[in-house]
Amino acid sequence: MAKLYLVPTPIGNLEDMTLRAIRILKEVHLILAEDTRTSGKLLRHFDIETPMQSHHMHNEHKTVNTLVNRIQKGETMALISDAGTPAISDPGFLLVRACIAEDIPIECLPGPTAFVPALVKSGLPSDKFVFEGFLPPKKGRQTRLQLLAEETRTLIFYESPYKLVKTLSDVVTYFGADRPVSVSRELTKIYEETIRGTAEEVLQYYSEHSPKGEIVIVIGGK
Ligand code: SAM
């Protein structure tokens, strides 16, 4: 029976592509990619010649049913995103849910995702944690921050470099200046950096060193 594979891809370092990910991407009938140009480079690097079709947040609502029908008719597909694990702050959830509803088998390969290395190297408790993805930019942001300030488990957020300083100053305001924070930037890449300290210290650091690249913020629980 045809199935859907969810295949993680590197978050920076191409050596993190697993052998199984390469094999599955070569074997499936179709690769669903968030951005076919970005993924095209990855696929060429690994000599993967499988046809690709775009599947992103702007078309997934429309295409899910067609894709489910095609899998039911025998096409095995693999979903990849621009980087990391599909459905983790990326498209994927809708397709997974639709496949489950139709009893289509699903396999998710283990592989790269940014929040796990950021959590593990933060030095903050990793036995219990909450992954929050991106904070709402405006509407609902304050309510979310007020609620999360009471959370006792370690908190993980994705953030863009342009909003890091604003978010860290919100962390100082809502969580307190002494809350332990770890910011990991450019994980697995040449300029990988992790800055640890109190919320106030990390805010101070990034106010003086304008951040670039991709960022995960890890915050100690209350
Ligand atoms: N699906 C991805 C995953 O499994 O981690 C996440 C996709 S989300 C659209 C992109 C965000 O992930 C970035 O804005 C950043 O917060 C985080 N991220 C991705 N790659 C990263 C890296 N190499 N270092 C730090 N953060 C990263």
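So in numbering that gives the first Met the number 0, spot 167 of the sequence shown is number 166, and the numbers just go up one at a time.
By construction, the Cβ of each residue, glycine as well, lies at the ideal position given by its N, Cα and C atoms.
#1: Rounded to a whole number of angstroms, what is the C-alpha to C-alpha distance between F45 and T8?
#2: Measuring CA to CA, which of R96, Y161, D169 and D15 is closest to A148?
#3: Can you name the start and end residues of the alpha helix (DSSP H) that S121 belongs to?
#4: Cα-Cα, which of K25, K61 and K162 is closest to L202?
#5: Just to confirm the assignment, what range does the beta strand (DSSP E) spanning T193 have?
#6: Using a threshold of 6 Å, is the CB atom of G11 nearer than that to any non-hydrogen atom of ligand 1?
#7: Kindly list the residues whose CB is nearer than 8 Å to the CB of L3, restricted to its own chain and excluding five residues on each side of it in sequence; keep chain order.
#8: Which whole-angstrom value is the C-beta distance of P116 and L186, which I expect to be below 8 Å?
#9: Rounded to the nearest angstrom, what separates G122 and F156 at their Cα positions?
#10: Select from H57, G83 and I214 the residue whose C-alpha is nearest the C-alpha of M16.
#11: Is it right to say M56 is buried, meaning 16 or more other beta carbons lie within 10 angstroms of its own, or is it exposed?
#12: Around the Cβ of G139, are there at least 16 other Cβ atoms within 10 angstroms (buried) or fewer (exposed)?
#13: On the three-state DSSP scale, how would you describe I30?
#14: Who are the near neighbours of E199 in its chain, counting only those whose CB is closer than 6 Å to its CB and skipping five residues on each side?
#15: Checking 7 Å against the spacing of the C-beta atoms, do E33 and S88 come in under that value?
Answer, in terms of the structure:
#1: Mapped onto the sequence shown, residue 45 falls at position 46. Mapped onto the sequence shown, residue 8 falls at position 9. CA-to-CA, the gap between F45 and T8 works out to about 12 Å.
#2: Against the sequence shown, residue 148 aligns to sequence position 149. Comparing alpha carbon positions, the residue from R96, Y161, D169 and D15 closest to A148 is D169.
#3: For this step, residue 121 is matched to residue 122 along the sequence shown. That run of the alpha helix (DSSP H) goes F114 to S121.
#4: Residue 202 sits at position 203 when you count from the first residue of the sequence shown. Nearest to L202 by C-alpha distance, out of K25, K61 and K162, is K162.
#5: In the sequence shown, residue 193 corresponds to position 194, counting from 1. Looking at the DSSP string, the run of the beta strand (DSSP E) that includes T193 is E192 to T197.
#6: Locating residue 11 in the sequence shown gives position 12, where the first residue counts as 1. It does: the Cβ of G11 is within 6 Å (strictly closer) of some heavy atom of ligand 1.
#7: Counting from one through the sequence shown, the residue named residue 3 turns up at place 4. Taken in chain order, the residues that qualify are I70, T75, M76, A77, L78, L94, V95, C98, I103, P104, I105 and E106.
#8: Sequence index remark: in the sequence shown, residue 116 carries index 117 (1-based). Sequence index remark: in the sequence shown, residue 186 carries index 187 (1-based). Rounded to whole angstroms, the Cβ separation of P116 and L186 is 5 Å, and the two are in contact under 8 Å.
#9: For the purposes of this step, residue 122 is taken as the residue at position 123 of the sequence shown. For the purposes of this step, residue 156 is taken as the residue at position 157 of the sequence shown. Their backbone Cα atoms lie some 16 Å apart in a straight line.
#10: As a working mapping, residue 16 is identified with position 17 in the sequence shown. When each option's Cα is compared against that of M16, the closest is G83.
#11: In the sequence shown, counting from the first residue as 1, residue 56 sits at position 57. Taking all protein chains shown into account, M56 has fewer than 16 neighbouring C-beta atoms within 10 Å of its C-beta and is therefore exposed.
#12: Residue mapping note: residue 139 aligns to position 140 of the sequence shown, counting from 1. Exposed, because fewer than 16 other Cβ atoms sit within 10 Å of the Cβ of G139.
#13: As a position in the sequence shown, residue 30 is number 31, starting the count at 1. Strand, per DSSP.
#14: As a working mapping, residue 199 is identified with position 200 in the sequence shown. Excluding residues within five positions, the ones whose Cβ falls inside 6 Å are V171 and A176.
#15: Reading the sequence shown from its first residue, position 34 is the one you call residue 33. Reading the sequence shown from its first residue, position 89 is the one you call residue 88. E33 is not a Cβ neighbour of S88, given a cutoff of 7 Å.
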